[in-house]
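Peer 1: Protein chains in written order, with our numbering: chain A, 1 to 494; chain B, 495 to 1005.
Here a beta-carbon is modelled for each residue, glycine too, at the ideal position from N, C-alpha and C.
1. As a quick exercise: from A:232, A:243, A:322, A:171, pick the residue whose alpha carbon is nearest that of residue 195 of chain A.
2. For residue 966 of chain B, return the contacting residues in chain A, with the cut-off set at a CB-CB distance below 9 Å.
3. Could you pull out every residue in the same chain whose Cβ sits closer than 6 Å to the Cβ of residue 805 of chain B, ignoring the five residues on either side in sequence?
4. Is the beta carbon of residue 980 of chain B less than 9 Å from the beta carbon of residue 628 of chain B?
5. Just how far apart, CA to CA, sit residue 931 of chain B and residue 940 of chain B?
6. Kindly indicate the opening and closing residues of the beta strand (DSSP E) around residue 182 of chain A.
7. Under 9 Å between C-beta atoms, does residue 623 of chain B make it to chain A?
8. Kindly list, in the order they appear in chain A, the residues whose Cβ is closer than 9 Å to that of residue 958 of chain B.
9. Between B:664, B:857, B:519, which has its C-alpha nearest residue 678 of chain B's C-alpha?
10. With a 10 Å radius around its C-beta and 16 neighbouring C-beta atoms as the bar for buried, classify residue 279 of chain A as buried or exposed.
11. Look up residue 832 of chain B in the DSSP assignment and give the residues it is bridged to.
12. Taking residue 771 of chain B as part of the beta strand (DSSP E), name the residues at either end of that continuous run.
13. Between residue 940 of chain B and chain A, is the shortest Cβ-Cβ distance under 9 Å, so that the two count as touching?
14. Assuming residue 99 of chain A and residue 83 of chain A are in contact, meaning their beta carbons sit under 8 Å apart, how far apart are those beta carbons, in whole angstroms?
15. Checking 9 Å against the spacing of the C-beta atoms, do residue 289 of chain A and residue 265 of chain A come in under that value?
16. Thinking C-beta only, is residue 11 of chain A closer than 9 Å to residue 272 of chain A?
17. Determine whether the beta carbon atoms of residue 958 of chain B and residue 925 of chain B lie at a separation below 9 Å.
18. Taking Cβ to Cβ, would you say residue 747 of chain B is nearer than 9 Å to residue 812 of chain B?
19. Would you list, in chain order, the members of the region 24-47 of chain A that have their beta-carbon closer than 9 Å to a beta-carbon of chain B?
20. Hey, could you find the ends of the beta strand (DSSP E) residue 537 of chain B is sitting in?
21. Can you tell me which of A:39, A:484, A:16, A:95 puts its alpha carbon nearest to the alpha carbon of residue 260 of chain A?
22. Buried or exposed: residue 792 of chain B, going by 16 or more other Cβ atoms within 10 Å of its Cβ?
23. Can you list the residues of chain C that residue 454 of chain A reaches, using a CB-CB cut of under 9 Å?
24. Give the secondary structure of residue 808 of chain B by DSSP, where H, G and I count as helix, E and B as strand, and everything else as coil.
25. How about residue 87 of chain A: is its C-beta nearer than 9 Å to some C-beta of chain B?
26. Enumerate in chain order the residues of its own chain whose CB-to-CB distance from residue 502 of chain B is below 6 Å, with the five nearest sequence positions on each side excluded.
27. Does residue 18 of chain A come out as helix, strand or coil in the three-state DSSP assignment?
28. Give me the Cα-Cα distance between residue 551 of chain B and residue 381 of chain A, rounded to the nearest whole angstrom.
29. Please decide whether residue 318 of chain A counts as near chain B, where near means a Cβ-Cβ distance under 9 Å.
30. Tell me the DSSP secondary structure of residue 501 of chain B in three-state form.
31. Alpha carbons only, please: which of B:537, B:512, B:705, B:642 is nearest the one belonging to residue 993 of chain B?
32. Can you list, in chain order, the residues of the region 367-380 of chain A whose Cβ is nearer than 9 Å to any Cβ on chain B?
33. What residue from A:454, A:478, A:178, A:33 has the CA that sits closest to residue 67 of chain A's CA?
34. Around the Cβ of residue 975 of chain B, are there at least 16 other Cβ atoms within 10 angstroms (buried) or fewer (exposed)?
35. Cβ atoms of residue 135 of chain A and residue 159 of chain A: under 9 Å apart, would you say?
36. Find the nearest neighbour of residue 880 of chain B within the set B:789, B:826, B:803, B:664, judged by alpha-carbon distance.
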């Protein structure tokens, strides 16, 4: 075995949540490396820094950087996120929930989804989201932590979080400084390359230059460093047509574990309840709708005042080239429906430290990182895109424009399998598990053409009894749970 | 769970299984059990045609098949004279004198997210002198010739391994036949003399037997072995030849009486000048065979070598089997699904024959079609099988290619041959970084690749840099504790042979 040169110095560009997450993760992983965090003028289009919703996988990231959830509840305004209530998002207009956790109960060798589809076709089942304890809790605006007791119904719960973006950044900054991350401010003037095509240093407009073994670009969609070595950008606007966001904050309201996403004629609008106040957001496609019209409607519907408009361009560029890696909007942009932006960035950061190369940046290792990261991003794209391309809703200029749009091949594959027989193909990287896909596909009003033949092994009587049992247990649950505001207050006070 | 009359009345898909070996009866039993309302199963086999029956060792996945079919493990094992299998002991592969077990289980425990083998590599470089195998529960049990089923408690060391079986394949097919016939599978004895195609669609409509009997069906499962009566002879689906990477094309099999001493709970694979030989201990005998490349070794040489190698009284004359590595381009064409040897053959080095048949059946049940077969069902099944075959193929080639052996033409050939790009990338990644490409599909996942890479002597140039952040004294202490814990846990397990004998006795006294 030969001794190798480890990465000894790192410059992270961008000190938003993504940049802080990366700096902290690398500083913890490489305690001997010098990590400098370059704070840049704020970039409004870096939406991953601004939409601080995360998926259940956040616990892995927080374990990596050593953050306790309780601390975030107390110091970063964290609230618990069971999922999203979708309104007007299908032909029937019936609201539905996509929550994290297990749906249904398996019976015999036939998955629950097949039994549900069979019973639904026979007119004997409520909508899919009536068969999970977690959606029942969400419907009642309630939350508790899943207990250790494996026999409890509540172990089927899973949850993500949301933070106050400023306070979360403060906590991460405190930790970064404790981990000896050096923070500097400046504006990038020039990116200087080596003869081999690597990045040699960044020269700031004040004349200072920053050299490092590894440069991490978390500076938002312009990707000032990554785009130098990874210029090709793959445009995803066909499957993710929303390229304008409207953002607004308001005060008041009670905390809730449920986000609300309403399909509008122009796209969608979302309300994210925070510990105090809420963040409202709307998304639309500039090629289909006129800015002023959407904004007026948003102000009226969301009851907000100051609205900020942000242009985004969904798509991606290769994440790691030579000695430059990008996280967040510098490498992949999707609209914030389903709140996967920050989790996708933090998942890539975790992957980067677990596939951490040496200072030789071996192509085989970067190749494996890029392969996994690309697959993960594409499947998140597919999951968001399915809300647009496969919805049974047709009303409104946005939705009529979606008719007949071609889905990317991997999503087409999922849709073909699902629509023909309720099956979901298994991909090597999936951010959203089968139950999440099913909640959305069934919620959108899609049904498989065929009932899977394995279902008939279970008698109708047995299947009905199983469905009723799951439904009743789920429906009975919320009455036993505290109101979320009380539960949260208990966590804050300890 | 019972099928009841109030399920919608349906017109079941008529499934005709052609061939009654291991693959045929597994397919018939699986479909009859899981799809009692949706399929009727008719199996045609000829007593004139024997079972190839090389597949005597299995993979842990087979347990899931038994479980799905509601089969009792102890009963199957007694009927097939089966023993437990914790892995494969590869001898002389990386170089002559080497030995490593590819276990069904993990190595060590990750320390703060850093996979164990990186710590081990680093500690080796720092002067610690031990074997990675000291940290495998499966290997610790195997080397002691003990066995106990794994614990369900994920915190227990004894939950860190799996197991499979070594059984008499010529007894397993009859066992599955009994199972299948009890669940409504109809069996007809006879030799297929003709296959009729629909004049317009080209689908198979019926098979005709020598007796003149004509059997119609909606879906045909070709389990006719290498003869591939439907998928090959009739539908002419081309064969992808993989012998450029897997040159072994013959086996010389020779069962022998069990020698004195313990029954090993693992299979042995010993590299030979012209290929390798297996040793599979069953309850009542030991299966042996020399898998070789006919371009490098004559049948007589192989027979002489196997006769020379066995450790007990021979129970038959050496028998030569011929095969070729490769597979049908598509395993499912029109209304014919090939399962088993008609679909492809990858040599038995990692006991994947039965596994690939099982996989084909499991996916066929998952993608079970209507009478009018949807393209999406067929395409998806073919896609999944492509992944499975390709990944098994790469894993097998690794055993030959990553070697320093230069003592025969055969080893010189496999050591220097060009390997598929997909394997080249995996080797490159591991050689340089100790990392294994991450996949969720395919039978061999990260621990298997680590076992074979390191076992074959592929030492990565670098380990995971995160390992450097750990205090070596703490890592050493954790490793000491783990090694001692594994050894102590294994010591408490019963002797493998005694465990089997006592379980058989329990069944006999209960029945």
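Peer 2: In this structure, then:
1. Along the first chain, one-based indexing puts residue 195 of chain A at 195. The residue with the shortest Cα to Cα distance from residue 195 of chain A is A:322.
2. Taking the second chain and counting its residues from 1, one reaches residue 966 of chain B at position 472. Residues of chain A passing the Cβ test: none, with the nearest at roughly 15 Å.
3. Taking the second chain and counting its residues from 1, the one referred to as residue 805 of chain B is at position 311. The residues 753, in chain order, have a CB closer than 6 Å to that of residue 805 of chain B in the same chain once the five nearest residues on each side in sequence are set aside.
4. Locating residue 980 of chain B in the second chain gives position 486, where the first residue counts as 1. Locating residue 628 of chain B in the second chain gives position 134, where the first residue counts as 1. Going by C-beta atoms, residue 980 of chain B is nearer than 9 Å to residue 628 of chain B.
5. The residue labelled residue 931 of chain B in the question sits at position 437 within the second chain. The residue labelled residue 940 of chain B in the question sits at position 446 within the second chain. Our two residues, residue 931 of chain B and residue 940 of chain B, have alpha carbons roughly 8 Å apart in a direct line.
6. For the purposes of this step, residue 182 of chain A is identified with residue 182 of the first chain, where counting begins at 1. Per DSSP, the continuous beta strand (DSSP E) segment holding residue 182 of chain A begins and ends at 182-185.
7. Locating residue 623 of chain B in the second chain gives position 129, where the first residue counts as 1. With 9 Å as the cut-off, residue 623 of chain B does not count as an interface residue toward chain A.
8. In the second chain, the residue the question calls residue 958 of chain B occupies position 464. For residue 958 of chain B, the neighbours in chain A by C-beta distance under 9 Å run, in chain order, 354, 355, 356.
9. By 1-based counting over the second chain, the position of residue 678 of chain B is 184. The shortest C-alpha separation from residue 678 of chain B is found at B:519.
10. Taking the first residue of the first chain as 1, we reach residue 279 of chain A at position 279. Counting Cβ neighbours within 10 Å, residue 279 of chain A comes out buried, since at least 16 surround it.
11. Position 338 of the second chain, counted from the first residue, corresponds to residue 832 of chain B. DSSP lists B:716 as the bridge partner or partners of residue 832 of chain B.
12. As a working note, residue 771 of chain B is residue 277 in the second chain. That run of the beta strand (DSSP E) goes 769-775.
13. If you number the second chain from 1, residue 940 of chain B lands on position 446. Not a single CB atom of chain A sits nearer than 9 Å to the CB of residue 940 of chain B.
14. Working through the first chain from its first residue, we reach residue 99 of chain A at position 99. Working through the first chain from its first residue, we reach residue 83 of chain A at position 83. Indeed, because the Cβ distance is near 3 Å, the residues count as touching under 8 Å.
15. Here the question's residue 289 of chain A lines up with position 289 in the first chain. Here the question's residue 265 of chain A lines up with position 265 in the first chain. Pairing residue 289 of chain A with residue 265 of chain A gives a Cβ-Cβ distance under 9 Å.
16. By one-based count along the first chain, residue 272 of chain A stands at place 272. By one-based count along the first chain, residue 11 of chain A stands at place 11. Contact: no.
17. Stepping through the second chain from its first residue, residue 958 of chain B is reached at position 464. Stepping through the second chain from its first residue, residue 925 of chain B is reached at position 431. Result no, Cβ atoms of residue 958 of chain B and residue 925 of chain B do not sit closer than 9 Å.
18. Along the second chain, one-based indexing puts residue 747 of chain B at 253. Along the second chain, one-based indexing puts residue 812 of chain B at 318. Closer than 9 Å, so yes.
19. Here the close residues are 28, 29, 30, 31, 32.
20. To locate residue 537 of chain B, count along the second chain from 1; it is residue 43. Under the DSSP assignment, residue 537 of chain B falls in the beta strand (DSSP E) whose first and last residues are 533-539.
21. To locate residue 260 of chain A, count along the first chain from 1; it is residue 260. Ranking A:39, A:484, A:16, A:95 by Cα distance to residue 260 of chain A puts A:95 first.
22. The residue given as residue 792 of chain B occupies position 298 in the second chain. Label assigned to residue 792 of chain B: exposed.
23. The chain labelled as chain C is not found among the protein chains of the depicted structure, namely A and B.
24. Within the second chain, the letter at position 314 stands for residue 808 of chain B. The answer is strand: DSSP assigns residue 808 of chain B an E or B state.
25. As a working note, residue 87 of chain A is residue 87 in the first chain. Residue 87 of chain A does not count as touching chain B.
26. The residue labelled residue 502 of chain B in the question sits at position 8 within the second chain. Legend: pLDDT at residue 502 of chain B = 46, less than 50; position of this residue unreliable, no value from coordinates given.
27. The sequence position of residue 18 of chain A within the first chain is 18, counting from 1. Three-state DSSP puts residue 18 of chain A in a helix.
28. If you number the second chain from 1, residue 551 of chain B lands on position 57. If you number the first chain from 1, residue 381 of chain A lands on position 381. Whole-angstrom Cα-Cα distance: 43 Å.
29. Here residue 318 of chain A refers to the residue found at position 318 of the first chain. Not one chain B Cβ lies under 9 Å of residue 318 of chain A.
30. The residue labelled residue 501 of chain B in the question sits at position 7 within the second chain. For residue 501 of chain B, the predicted model reports a pLDDT of 44, less than 50, meaning its position is unreliable and no value from the coordinates is stated.
31. Here residue 993 of chain B refers to the residue found at position 499 of the second chain. Among B:537, B:512, B:705, B:642, the Cα nearest to that of residue 993 of chain B is on B:642.
32. From the region 367-380 of chain A, only 367, 368, 371, 372 have a Cβ closer than 9 Å to chain B.
33. Here residue 67 of chain A refers to the residue found at position 67 of the first chain. Nearest of A:454, A:478, A:178, A:33 to residue 67 of chain A, Cα basis: A:178.
34. Taking the first residue of the second chain as 1, we reach residue 975 of chain B at position 481. Exposed, since its Cβ has fewer than 16 Cβ neighbours within 10 Å.
35. Translated into the one-based positions of the first chain, residue 159 of chain A becomes position 159. Translated into the one-based positions of the first chain, residue 135 of chain A becomes position 135. Between residue 159 of chain A and residue 135 of chain A, the CB-CB gap reaches or exceeds 9 Å.
36. What you label residue 880 of chain B is simply residue 386 of the second chain in a count that begins at 1. With distances taken between Cα atoms, residue 880 of chain B lies closest to B:826.
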